[in-house]
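Chains as they are written, first to last, in the working numbering: chain A, 1055 to 1153; chain B, 143 to 320.
This is how it looks when you write it as structure tokens:
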């Protein structure tokens, strides 16, 4: 085979592999079985649960029409605002029964 | 497409293509020293192929490295391209890639400076290509995201197997008579 034939064959082989691997990577973006898993994937998200804040519960007294607002001597109870989804120590659900 | 996703896909595709181009480079290099592939082409044509492949793997390998530098998830810095085993995760797998890159740069630069070098020294440096390829293959095996895909695995192992076979014939049998 001539030098040009060899060069062309090597170019075509490389381009074929490049196109094939690009197509494969495009259709298999994530590979759970990949040998390398950068640590960022294991860490909890940086924007995880914000700190719970305490907000005084507004007094409901006096809101109704006709009732003048009255001062309360006792402080208003505190309401804890936490995210709706909470972490749990329960084991992960692995089976869901369907009847 | 998300730029980070693009660099990740480019890094993987370029890595595999650079590996194949380097396989052709090593294969044609060994073929110059054995008569096993004499049926395919004469030494002059094989030498032309060996020189030509440099222009195949340099851009592909450079893009593989550049894409990994730009990929924030990969967490690879400029120093990691020269100093091996510094990356916090997959230290061995990535470090072997760094070592093979270092060797590749030395082999390529000394090849360009061959006429200004001692021939025996150049020859010994060029023989480290075998070691470079082994490091590269283990790097691909340990860190290649797509290496476990059947087709990609078959192509990669076949290329490495062909080089191993040819290298063994070169070492054990020397240059076969024509």
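Each residue gets a CB set at the ideal place from its N, CA and C atoms; glycine is no exception. Every value quoted in this text rests on a predicted model; they were computed, and no experiment measured them.
If you draw a straight line from the Cα of residue 1069 (chain A) to the Cα of residue 153 (chain B), it is about 15 Å long.
A contact between stretches requires three or more CB pairs, one per stretch, nearer than 8 Å, and the segment 275–291 of chain B meets this requirement with the segment 1073–1088 of chain A. At a cut-off of 8 Å between C-beta atoms, residue 1090 (chain A) counts as an interface residue with respect to chain B. DSSP, read as helix, strand or coil, puts residue 190 (chain B) in helix.
Between the segment 239–254 of chain B and the segment 173–182 of chain B there are fewer than three C-beta pairs closer than 8 Å, too few to call the two in contact. Closest in C-alpha terms to residue 202 (chain B), from the list B:302, B:296, B:161, comes B:161. For residue 274 (chain B), the enclosing alpha helix (DSSP H) starts and ends at 261–285. When secondary structure is reduced to three states using DSSP, residue 144 (chain B) falls in the coil class, being assigned neither helix nor strand. Residue-level contact check: residue 250 (chain B) does not touch chain A, since none of the beta carbons of chain A fall below 8 Å from its beta carbon.
Around the beta carbon of residue 143 (chain B), fewer than 16 other beta carbons lie within 10 angstroms, which makes this residue exposed. In this chain, the alpha helix (DSSP H) harbouring residue 206 (chain B) covers 196–212. For residue 222 (chain B), the nearest beta carbon of chain A is not closer than 8 Å to its own beta carbon. DSSP, read as helix, strand or coil, puts residue 244 (chain B) in helix.
With fewer than 16 other beta carbons inside 10 angstroms of its own, residue 317 (chain B) counts as exposed.
A Cβ-Cβ separation of about 19 Å leaves residue 295 (chain B) out of contact with residue 168 (chain B) under the 8 Å criterion. Note on geometry: alpha-carbon atoms of residue 1143 (chain A) and residue 1083 (chain A) lie some 32 Å from one another.
Secondary structure of residue 1074 (chain A) (DSSP, three-state): helix. When B:163, B:190, B:148 are compared, the shortest CA-CA separation from residue 174 (chain B) is found for B:190.
Contact between residue 1089 (chain A) and residue 215 (chain B) is ruled out by a C-beta separation of about 15 Å, above the 8 Å threshold.
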